[in-house]
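*Asks:* Shown below is the structure under consideration.
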Amino acid sequence: MEESRRPADAEAGSGSLSSRSALLDAAQQIMLEDGYAAVSSRRLGARAGVNPALVYYYFGNMDSLFVALFRRGSERSYQRLLEAAESEQPLWALWDAIHHQSRTALTMEFVSLATHRPSIRSEIAQSSKRFRELQLEIVSGALRDRDPGPWTPLTLVMLMSSVSRFLRIEEAFDIDAGHSEITAVVEEFLEQVEGPRNTGDHGGVPRGGAGSSAQ
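Using our numbering, the letters of the sequence shown correspond one by one to residues 1 to 215.
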């Protein structure tokens, strides 16, 4: 794009990064409030307080904006997993990180969006594989010198991920029957392997809370 045709707000520097970040924040807020179908350049500009033309300046099209938003949340969640890997209790830290990244409302929006947008579907698939590899690496290392009983690293990763994701989906519909019981089963196993949860060392990952990923 020629310099003379750039929107006034698109000057290089911190202001440029701020506007781009504001647009991503706005997209996330609109998706959470009204769903992905409500995200438009006009609404984004109004919510972010910038020229709507900046949506296309920074992202080219709406698909690229959604991909950028997904990647931003995915990278944050991936960093939490890296922190979990450095914890003295990596299994507890991984469990907390998985809970943290299961931000159901936004995740469900991206999953719904992926059914209509191949670029989003591809991004989620690539990200999920990347996360699974790191999760497996964390669990394999944690179990190397321990007796996990019948659990293999992969089955434990699948159990933790599946339970956490399913609980978050049900919670979105105010369903909690059996949640405390299945959580207790998982956490009893973690306690048998690593001992009681040490809340002071989970790689900085809070239990519960919000994340941003469709992992």
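All C-beta atoms, glycine included, are put in the ideal place defined by N, C-alpha and C. As the structure is a prediction and not an experimental result, all values here were calculated from the model.
1. Does the beta-carbon of S18 have 16 or more other beta-carbons within 10 angstroms, so that it is buried, or is it exposed?
2. Please classify A172 as buried or exposed, where buried requires at least 16 other C-beta atoms within 10 Å of its C-beta.
3. With respect to the alpha helix (DSSP H) encompassing I182, which residues constitute its N-terminal and C-terminal limits?
4. Starting from T155, follow the alpha helix (DSSP H) in both directions and report where the run begins and ends.
5. Please list, in chain order, all residues of the same chain as D63 whose beta carbon is under 6 angstroms from its beta carbon, the five residues on each side excluded.
6. Counting only the same chain and skipping the five closest in sequence on each side, list residues whose C-beta sits under 7 angstroms from that of R146.
7. Verify whether the separation of the beta carbon atoms of I98 and S180 is less than 7 angstroms.
8. Looking at P91: is its Cβ nearer than 7 angstroms to the Cβ of L190?
9. State the Cα-Cα distance for the pair L65 and S128, rounded to the nearest angstrom.
10. For the region 8-65, list the alpha helix (DSSP H) runs that are entirely contained and at least 4 residues long, ordered along the chain.
*Replies:* In short, the structure shows the following:
1. Here S18 is exposed: its Cβ has fewer than 16 other Cβ atoms, across all protein chains shown, within 10 Å.
2. Exposed, since its Cβ has fewer than 16 Cβ neighbours within 10 Å.
3. Secondary structure note for I182: its alpha helix (DSSP H) is the uninterrupted segment H179 to E194.
4. P153 to E171 is the span of the alpha helix (DSSP H), which, as asked, contains T155.
5. Counting only Cβ-Cβ distances below 6 angstroms, and skipping sequence neighbours, we find R117 and S119.
6. Exclusion of the five residues before and after R146 leaves V193 as the residues of its chain whose Cβ lies within less than 7 angstroms of its Cβ.
7. In this structure, I98 sits away from S180, with a CB-CB distance that is not shorter than 7 angstroms.
8. It is worth fixing the name first, because residue 91 is Leu in this sequence and not Pro. Yes. Within cutoff.
9. Their backbone Cα atoms lie some 19 angstroms apart in a straight line.
10. 14-34, 41-48 and 53-59, all fully within the region 8-65.
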